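Counted the way mature numbering (1 follows the signal peptide of the UniProt record, and there is no 0) counts, the sequence shown spans residues -25 to -1, 1 to 299.
Below: one structure, written as structure tokens.
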Amino acid sequence: MHTKRLVSLPLFATVLVTTCSLAIAACGSEPESMDGETETSGDGDGDGDGDPGDGDGDPAETCMPDSCDVNATCDDSSGMIECTCNEGWEGDGLACGDVDECAEQIDDCAGICTNEEGGFSCTTTETCADVLAALPDATDGEYELFHKGDSALGWVAYCHDMAGTPTEYLTLTSLGPDLNFSQYTAGGGAPGTDVRTNYERLRIDPLTLEVDIDDQTFSNSVGSVMHGDLEVTSLSYAVAIGCESDVDNGLANIDLQGTPFAVTGEFCQGGFQPLGGATKSMNDQVVDLTGGGFCGWTTPTADPCPGEPQTGTTGARLQLGFAP
Ligand SMILES: [Ca+2]
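Structure follows, in structure tokens:
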């Protein structure tokens, strides 16, 4: 970034440069190439010989408007012209190019970095709506968001419905029949086959990190159970229900491994003579739930504990936080 234009030159070169300083328009890079030549070939006798500041009669150089690149600062206080590219620019001072702060990742931007000549701009992306505002052509997909606009709290969201109402989901990576599911176990007062809903993505509020457990957009379900007159064919997330007295045979699993989040919320038991509980493990990224009663269940805590979780409209939220 720093370039001394000329240091020690034989007399003929100094004259050339002085001429350039006076007739700048024609100067170009000629003195620069002379400089390189001198340093390799004239090593022995060049020392102090033709230095303009040496008091050997040569006039000191003076910064002229075109001495340096337009994006550089000229300094002639030493008697020699020194050109230094300004902040946001890089080069030898005679020619300065833009620094791409985004590509070099020196922007500290909590969002979308856009390189600009001599600087950059940053659009903080805390929500998918922020992404859409910055990138009007953005389609549904994975985008990095920053909780509270903090560059240290980045996470990858799946932005859904970007053509309509941008909505944030957390993509789960622990997928399988026994991972990230809710189950209403058939039997007792609930005839039918086990209802199990497996989740691939969770609806998450990027501002509060609460999961709306009732959003089943990215889930699939099997089974059918009769809960009184209601046929249940799917369940909210993190809900374990059973309807066999004295047994907590309802099941559910939360597994956030592979995401930056852990479960910070608690769980409650509801129903008639409810049983069950929640066991956290793996730095609170994994929670195994059991629930039962006649009927009874375990769900994320709400006030009061959800009373009709089989309907899929619990209104409950599962609180997440960044894993330690
Ligand atoms: Ca730039």
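Cβ atoms here follow ideal geometry from the backbone N, Cα and C, with glycine treated the same way.
Note that this is a predicted model, so its numbers are computed, not measured.
Own chain partners of Ala(-1) with C-beta closer than 6 Å, once the 5 adjacent residues on each side are dropped: Against the sequence shown, residue -1 aligns to sequence position 25. Annotation note: pLDDT 34 at Ala(-1) (below 50); position unreliable, coordinate value reported separately. Around Ala(-1): no qualifying Cβ.
Span separating the alpha-carbon of Val106 from that of Cys134: Counting from one through the sequence shown, the residue named residue 106 turns up at place 131. Counting from one through the sequence shown, the residue named residue 134 turns up at place 159. Near 9 Å, if we compare the C-alpha coordinates of Cys134 and Val106.
DSSP bridge partner residues for Asp230 (one or two, in chain order): Here residue 230 refers to the residue found at position 255 when the sequence shown is read from its first residue. Residue pairing by DSSP puts Asp230 in a beta bridge opposite Val261.
Near ligand 1: Asn46 beta-carbon under 7 Å from a heavy atom: Taking the first residue of the sequence shown as position 1, residue 46 is located at position 71. Using a cutoff of 7 Å, the CB of Asn46 does not count as near ligand 1, since none of the ligand's heavy atoms is closer than that.
Bridge-paired residues (DSSP) for Ile179: The count along the sequence shown starts at 1 and reaches residue 179 at position 204. Answer is Val186.
CA nearest to the CA of Thr265, picked from Lys255, Leu250, Glu219 and Asn258: Here residue 265 refers to the residue found at position 290 when the sequence shown is read from its first residue. Among Lys255, Leu250, Glu219 and Asn258, the Cα nearest to that of Thr265 belongs to Leu250.
Backbone CA spacing between Thr15 and Pro34 [nearest angstrom]: As a working note, residue 15 is residue 40 in the sequence shown. As a working note, residue 34 is residue 59 in the sequence shown. In this predicted model, Thr15 has a pLDDT of only 36, less than 50, meaning its place in the structure is not dependable; the value taken from the coordinates is given anyway. Taken atom to atom, the span from the alpha-carbon of Thr15 to that of Pro34 is near 25 Å.
Within 8 Å, strictly: CB atoms of Ala298 and Phe242: What you label residue 298 is simply residue 323 of the sequence shown in a count that begins at 1. What you label residue 242 is simply residue 267 of the sequence shown in a count that begins at 1. Not in contact: Ala298 and Phe242 (Cβ atoms no closer than 8 Å).
Coil, strand or helix - Thr276 by DSSP: To locate residue 276, count along the sequence shown from 1; it is residue 301. DSSP places Thr276 in the coil class of the three-state scheme, outside both helix and strand.
Neighbouring residues (CB closer than 7 Å to any heavy atom of ligand 1): Those residues are Gly63, Asp73, Val74, Asp75, Glu76, Asn90, Glu91, Glu92, Gly93, Gly94 and Phe95, given in chain order.
8 Å CB neighbourhood of Thr142 in its chain, flanking five on each side removed: As a working note, residue 142 is residue 167 in the sequence shown. Annotation for Thr142: Cys103, Cys134, His135, Asp136 and Arg178 place their beta carbon closer than 8 Å to its own, counting only its chain and skipping 5 residues before and after.
Stretch pair the stretch 207 to 220 + the stretch 160 to 173: three plus CB contacts closer than 8 Å: Cβ pair count under 8 Å is three or more, so yes.
contact_flag[the stretch 177 to 197, the stretch 94 to 102] where n(CB pairs < 8 Å) is 3 or more: Between the stretch 177 to 197 and the stretch 94 to 102 there are three or more inter-stretch CB-CB distances shorter than 8 Å, so the stretches are counted as touching.
Enclosing alpha helix (DSSP H) for Ala253 [first to last residue]: As a first step, residue 253 must be located in the sequence shown, where it is residue number 278. No alpha helix (DSSP H) contains Ala253, which is instead part of the beta strand (DSSP E) from Leu250 to Ser256.
With 16 other Cβ atoms within 10 Å as the buried cut-off, status of Pro111: Numbered from 1 along the sequence shown, position 136 holds the residue referred to as residue 111. Result: exposed.
Outcome for Asn46 when other beta-carbon atoms lying within 10 angstroms are tallied against a minimum of 16: Residue numbering aside, residue 46 sits at position 71 when the sequence shown is read from its first letter. So Asn46 ends up on the buried side.
Unbroken alpha helix (DSSP H) run spanning Val106, endpoints: Walking along the sequence shown from the start, residue 106 turns up at place 131. Val106: member of the alpha helix (DSSP H) spanning Cys103 to Ala109, first to last residue.
Own chain partners of Thr239 with C-beta closer than 6 Å, once the 5 adjacent residues on each side are dropped: Here residue 239 is taken as the residue at index 264 of the sequence shown, counted from 1. Excluding five sequence positions before and after Thr239, the CB atoms of its chain that fall closer than 6 Å to its own CB belong to Gln294 and Gly296, given in chain order.
Where the beta strand (DSSP E) through Asn195 begins and ends: Here residue 195 refers to the residue found at position 220 of the sequence shown. In the DSSP annotation of this structure, the continuous segment of the beta strand (DSSP E) that includes Asn195 starts and ends at Ser194 to His202.
Nearest neighbour of Ile87, chosen from Tyr159, Thr288 and Ala108 [CA to CA]: To locate residue 87, count along the sequence shown from 1; it is residue 112. Its Cα nearest to that of Ile87, the residue Ala108 stands out among Tyr159, Thr288 and Ala108.
Three-way DSSP call (helix, strand, coil) for Gln191 in this model: As a position in the sequence shown, residue 191 is number 216, starting the count at 1. DSSP, read as helix, strand or coil, puts Gln191 in coil.
Helix, strand or coil at Thr286 according to DSSP, with G and I counted as helix: On the sequence shown, residue 286 is found 311 positions in, with the first residue counted as 1. Secondary structure of Thr286 (DSSP, three-state): helix.
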